[in-house]
C-alpha cells in the first residue's frame, strides 16, 4: 500500500517535470536570444567595413564608414572604389535615401526597390535597414545543438511575431559559450531558404563578443559566389552629432 | 463564235452583270486578304528584327539563356574587337552593339526631390558615330514627336506616352536609376532631347533611348554590350542564309565550356520569334486556303445557279436543233469570259484597296494595349506578285467548274420531252 502511494507521488512529480520541460526550453531560448541581442545590438556605433562581392567573373571590394544610433538611424558613406566614392545612404526610421554625387541627386528607396541588392552584393537594402533586436521581432525555440568550427552551438528556430519582417523565420546557430551567432539561415513565409550567412573572426570588444566577418549568400541570386562583409574598425557608444542623420548631410 | 458569245453576254445583262459582280467581289476579297496577311506578318517580323532581335544576334551563352531578363551582368566584354571580327567575316551584315536595360526614370523638382517616377525599358544604341545606321534603322528621326534627335553625349529620347506620364518636356533633366553590370545601383542624369512614338505599344509604353556610350557609362559597361545585332544589307530576313552564318560562327566555339563564350542566334532561334514566324506562316496558309476554298464554293455555286437558271433556254436551243456538245461548250466559254472579266475587275479593285491600306494603314493601337510583343500599331498591307494572280484561282476555276457541273444536265435532256417541258 505504502509502495503504491510512493509510486503515485513519483508519477505526479514526473508528470509536472515533463509538462514544465517546454516552458524551460522556451525560457532558455528567450535567454539565449537576449544574450545574442546584448552582443550584437548597441545604443550607437561607428564602424568601417569592407564588402567584397564575389561574382562569377571577378570580385570587387567596396569600403564604407557607417554611423548608427539604435535601430532607427544610420548613415553610410562609401569610400571606395572611385565609382562608388561619395555615395551616401541615410536611414531614418522606416525611410531610406541614397545620394549619388555624380548626379547630385537624392533618391528615396521604397517599395520593391528595398529588396534590391546593395552595390551588387548578396545584401538587400531591407537587410541593411532592419536593425531591430531579435527579441522584439521573433519568438525563439531551441531545436537542437551542433558544433561549428569547433564551437558548441544551440540551434534556435526563430518565428516572426511582427508583421513587417523581411524574413518570416530564421534558423540561428548560437555559440553556447559566447552567445554570438555563427551561422544563420533566413526563410520566406513559404519556408523557402532565401539567404545563408556564416559569421567568423569573433572578437571581444568592450565586453561583448562580436563577429567581425560575415559571409552572406543570397540563395536566389544567379551567378553570385557570395559577399564577404568585414568590419575593419568598430567603436560602440560613441558621441555622434545629430546633423549626421539629416538629408542635408547627404550632400556635404 | 467568241465574239458572238461575248456580244450575247453584253446584251443579256442577266447572264453577265450579276455573275461578274459575284466573281469580282470574291476575287477582290481574296486579293486583299492575301496582301493584308503578308503585310501584317512581314511588318511584325521586320519590326521585331530591327528593334530587338536583329536578323542575327550575338550574345554570351549565359545571357542568351536568360535573355528575357536582360541580364547585363552576363554581357559580352571586348565588344569592339568582336564587332570588327564579325564585320570582316560576314560583310553582308551590318553589326551594331546594343545594351537593353531596365530601370526607373526619376524626374526631379526644383529642390532635387522626386517629382515623378516610372519604370523604363531602356535601349543603348549607337546614335552618335557618323558611320552608325542605327538611327535610320530604328527610324528614330521619323518617330520624333517633340524636340530633336540626340546630338550630344548625356542626351536621351523618351517615348512620348512615357514623357507625358512623367510630365517631362524636351530640355528637362531626368535621372536614370538602374543597375550596373556588377549589380550596383547606378544613377545617371540625362537631358531629354526629344520624345518619340514608334507606333508599337511595347515600345511606346516606357522607352528611353540613349547613345550606347552613355549607357556604358551609366551601367559601368566599359567596352561591353549585352547584344551585337546583325541585319542583312539586303534589308529582309533570309532564314536559310542566317542559319549558315550562325553555324559558321558557332562552330568556332564547339567544345568551349565557358558560359561567357559568344553564341550567335538567328531571328527564328530567339525567344518566341521562331514560334511566331512559324505560327504566322501556318496561320497565313490556313487563312488563305480556307478563304480560297470558301470563295471557290461561293463562285462554284454561282456558276451552278447560272447554269440551272437557264434550263428553259437550253431546252429551246436543243429543240431548235443545237447540238448538246455545242451548247455545253458555249456554256463553258461564257463562264470563262465571265470569270476572266470578274477576276480582272476583282483583282484591280482588290489591289486598289490593298494599295490604299499599304499607304495609309489601319490603326489598331487600341487593340495592342498591354502587349509585350512588338506589333505594329497600324496594319499595312503589302502587295506582292502573288496578289496579281491569287484571285484567279477561285475566280476562274471555281466559276468554270460550277458551270461545267451545271451543264451536265444538258446531256440528260431528251428531245422528245422538250416540247412537253415547254408546255408545262
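Residue numbers (this note's numbering), protein chains in the order written: chain A, 47 to 298; chain B, -16 to 407.
All C-beta atoms in this analysis are idealised placements derived from N, C-alpha and C, irrespective of residue type, glycine included.
Please read all numbers here as calculations on a predicted model, not as lab measurements.
Starting from residue i, follow its DSSP beta bridges and name the residues at the other end.
i                      : result
residue 113 of chain A : A:92 and A:121
residue 134 of chain A : A:123 and A:145
residue 171 of chain B : B:159
residue 137 of chain B : None; residue 137 of chain B has no bridge partner.
residue 387 of chain B : DSSP lists no partner for residue 387 of chain B.
residue 87 of chain B  : B:102 and B:160
residue 233 of chain A : A:215 and A:239
residue 181 of chain B : Per DSSP, none; premise fails for residue 181 of chain B.
residue 108 of chain B : B:194
residue 264 of chain B : For residue 264 of chain B, which the question treats as bridged, DSSP gives no partner whatsoever.
residue 79 of chain B  : B:212
residue 7 of chain A   : Coverage of chain A is limited to positions 47 through 298, which leaves residue 7 of chain A absent and any answer about it impossible.
Starting from residue i, trace the alpha helix (DSSP H) in both directions and tell me its first and last residue.
i                      : result
residue 336 of chain B : 307 to 343
residue 4 of chain B   : -4 to 31
residue 185 of chain A : Per DSSP, residue 185 of chain A belongs to no alpha helix (DSSP H); it is in the beta strand (DSSP E), 184 to 194.
residue 301 of chain A : Since the first residue shown for chain A is 47 and the last is 298, residue 301 of chain A is missing from the structure and cannot be characterised.
residue 40 of chain B  : That residue, residue 40 of chain B, is in no alpha helix (DSSP H); its beta strand (DSSP E) goes 39 to 43.
residue 237 of chain B : Note, residue 237 of chain B: premise wrong, no alpha helix (DSSP H); not H, not E.
residue 120 of chain B : 117 to 120
residue 72 of chain B  : 62 to 72
residue 127 of chain B : Residue 127 of chain B -> not in any alpha helix (DSSP H); beta strand (DSSP E) instead, spanning 127 to 130.
residue 148 of chain B : 143 to 149
Which first and last residues belong to the beta strand (DSSP E) in which residue i is found?
i                      : result
residue 247 of chain A : 239 to 251
residue 214 of chain B : 210 to 215
residue 297 of chain B : Note, residue 297 of chain B: premise wrong, no beta strand (DSSP E); alpha helix (DSSP H) at 294 to 302.
residue 206 of chain A : 197 to 206
residue 171 of chain A : Not the beta strand (DSSP E): residue 171 of chain A falls in the alpha helix (DSSP H), residues 171 to 175.
residue 270 of chain A : 270 to 282
residue 260 of chain A : 254 to 264
residue 293 of chain A : Not the beta strand (DSSP E): residue 293 of chain A falls in the alpha helix (DSSP H), residues 293 to 296.
residue 246 of chain B : 245 to 249
Could you pull out every residue in the same chain whose Cβ sits closer than 6 Å to the Cβ of residue i, ignoring the five residues on either side in sequence?
i                      : result
residue 248 of chain B : 40
residue 281 of chain A : 92
residue 299 of chain B : none
residue 158 of chain B : 89, 170 and 172
residue 23 of chain B  : 362
residue 198 of chain B : 82 and 107
residue 277 of chain A : 93, 95 and 258
Note down, in chain order, each residue of its chain lying with its Cβ closer than 8 Å to the Cβ of residue i, except the 5 sequence neighbours on either side.
i                      : result
residue 172 of chain A : 160, 161 and 212
residue 195 of chain B : 80, 81, 82, 107, 108, 109, 110 and 208
residue 341 of chain B : 18, 22, 363, 364, 365 and 366
residue 225 of chain A : 78, 81, 82, 84, 85 and 255
residue 165 of chain B : 56 and 203
residue 151 of chain A : 145
residue 295 of chain A : 121, 134, 136 and 289
Please go through the same chain and pick out, in chain order, the residues whose beta-carbon is closer than 7 Å to the beta-carbon of residue i, but skip the five residues on each side of it.
i                      : result
residue 164 of chain A : 170, 171 and 174
residue 63 of chain B  : 206
residue 126 of chain B : 179, 180 and 181
residue 385 of chain B : 282, 283, 284, 285, 286 and 287
residue 66 of chain B  : 78, 80 and 211
Return yes when at least one heavy atom of the ligand ATP lies under 6 Å from the C-beta of residue i, else no.
i                      : result
residue 234 of chain B : You won't find the ligand ATP in this model; it holds no ligand whatsoever.
Select from the region 84 to 100 of chain B all residues with a C-beta closer than 9 Å to any C-beta belonging to chain A, and list them in chain order.
Within the region 84 to 100 of chain B, contact with chain A at the beta-carbon level (separation under 9 Å) is assigned to 87, 89, 91, 95, 96, 97 and 100.
Name, going along the chain, the residues of the region 149 to 167 of chain A whose beta-carbon falls closer than 9 Å to a beta-carbon of chain D.
In summary, chain D is missing from the structure at hand, where the protein chains are A and B.
Would the region 319 to 332 of chain B and the region 360 to 367 of chain B be scored as touching if the rule is three or more Cβ pairs under 8 Å?
Judged by Cβ distances under 8 Å, the region 319 to 332 of chain B makes no contact with the region 360 to 367 of chain B, as fewer than three pairs qualify.
Report the residues of the region 75 to 86 of chain A with a CB closer than 9 Å to any CB of chain B, ordered along the chain.
The residues in question: there are none.
Quick one: which residues of the region 263 to 296 of chain A get their C-beta closer than 7 Å to a C-beta of chain B? List them in chain order.
Of all residues in the region 263 to 296 of chain A, 269 have a Cβ within less than 7 Å of some Cβ in chain B.
Against chain A, which members of the region 118 to 132 of chain B pass a CB distance test of less than 7 Å?
So nothing in the stretch comes that close.
At least 3 beta-carbon pairs within less than 8 Å: the region 33 to 49 of chain B vs the region 303 to 313 of chain B
Touching, no.
Three or more C-beta pairs below 8 Å linking the region 74 to 83 of chain B and the region 209 to 221 of chain B
Of all C-beta pairs linking the region 74 to 83 of chain B to the region 209 to 221 of chain B, three or more are shorter than 8 Å, placing the two stretches in contact.
Can you confirm whether the region 114 to 121 of chain B touches the region 232 to 243 of chain B when touching is taken to mean that 3 or more C-beta pairs between the two stretches lie within less than 8 Å?
Segments in contact, no.
Along the region 88 to 101 of chain A, what residues have a CB closer than 8 Å to any CB found in chain B?
For the region 88 to 101 of chain A, the residues whose beta carbon sits under 8 Å from a beta carbon of chain B are, in order, 99 and 101.
Report yes or no: do three or more beta-carbon pairs, one from the region 218 to 227 of chain B and one from the region 52 to 69 of chain B, lie closer than 8 Å?
No: the two stretches stay apart, fewer than three of their Cβ pairs being nearer than 8 Å.
Please name the residues in the region 127 to 138 of chain A whose beta-carbon is closer than 8 Å to at least one beta-carbon of chain B, in chain order.
Taking 8 Å as the Cβ-Cβ cut-off against chain B, the residues of the region 127 to 138 of chain A that qualify are 129 and 130.
Please determine if the region 94 to 109 of chain A and the region 187 to 200 of chain A are in contact, where contact requires at least 3 C-beta pairs separated by less than 8 Å.
No: the two stretches stay apart, fewer than three of their Cβ pairs being nearer than 8 Å.
Quick test of the definition: if touching needs 3 or more C-beta pairs under 8 Å, does the region 244 to 260 of chain A touch the region 106 to 125 of chain A?
With a cut-off of 8 Å, the region 106 to 125 of chain A and the region 244 to 260 of chain A do not count as touching, because too few Cβ pairs lie within range.
Which residues of the region 203 to 234 of chain B have a Cβ closer than 7 Å to any Cβ of chain A? Give them in chain order.
Here the close residues are 203.
Taking 8 Å as the threshold, find out whether the region 123 to 140 of chain A comes into contact with the region 12 to 22 of chain B through three or more Cβ pairs.
A contact between stretches requires three or more CB pairs, one per stretch, nearer than 8 Å, and the region 123 to 140 of chain A fails this requirement with the region 12 to 22 of chain B.
Along the region 99 to 123 of chain A, where does the CB come closer than 9 Å to a CB of chain B? Name the residues.
Of all residues in the region 99 to 123 of chain A, 99, 101, 102, 103, 104, 106 and 108 have a Cβ within less than 9 Å of some Cβ in chain B.
Contact set between the region 154 to 167 of chain B and chain A, restricted to residues whose Cβ is under 8 Å from the partner
Residues passing the 8 Å Cβ filter: 158, 160, 162, 163, 165, 166 and 167.
Count the C-beta pairs between the region 90 to 106 of chain B and the region 149 to 156 of chain B that are closer than 8 Å, then say yes if the count reaches three, no if not.
With a cut-off of 8 Å, the region 149 to 156 of chain B and the region 90 to 106 of chain B count as touching, because enough Cβ pairs lie within range.
Using a Cβ cut-off of 8 Å, which residues of the region 188 to 202 of chain B contact any Cβ in chain A, in chain order?
For the region 188 to 202 of chain B, the set of residues with a beta-carbon nearer than 8 Å to any beta-carbon of chain A is empty.
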